[in-house]
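Residue numbers (our numbering): 924 to 1023.
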């Protein structure tokens, strides 16, 4: 899927931002869930559109908080490496996906 986006000349920075956005939402939902909060609590925060919040809440059940923290750390490392020029954008994005 990532390769198809890259072939369409979608920016690796844009794709990384979208991956970051999705996992950030999952991390927030999972953190709330593991702390005894409900979907209603997530919706009250108004951090994203209700549809996105509901989808994130449901998807967050597939992960533990520790798993999402590790994934988010990998996203940060890829982002940092790309933005500091240590990793070529497409390579960094593909390496990140391979680690997920």
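The beta carbon of each residue, even a glycine, is placed where N, CA and C say it ideally should be.
Item, Value
"Contact check, residue 938 vs residue 925, beta carbons under 8 Å", "yes"
"Simplified DSSP state of residue 928, which is helix, strand or coil", "helix"
"Nearest-angstrom Cα separation, counted from residue 1010 out to residue 982", "30 Å"
"Top-ranked residue by Cα proximity to residue 932, from 961, 946, 1013 and 989", "1013"
"Secondary structure, alpha helix (DSSP H): runs of 4+ residues fully inside the region 937–983", "962–968 and 973–983"
"Within the region 985–1015, ranges of the alpha helix (DSSP H) (whole runs, at least 4 residues)", "988–1006"
"DSSP three-state assignment for residue 1019, whether helix, strand or coil", "helix"
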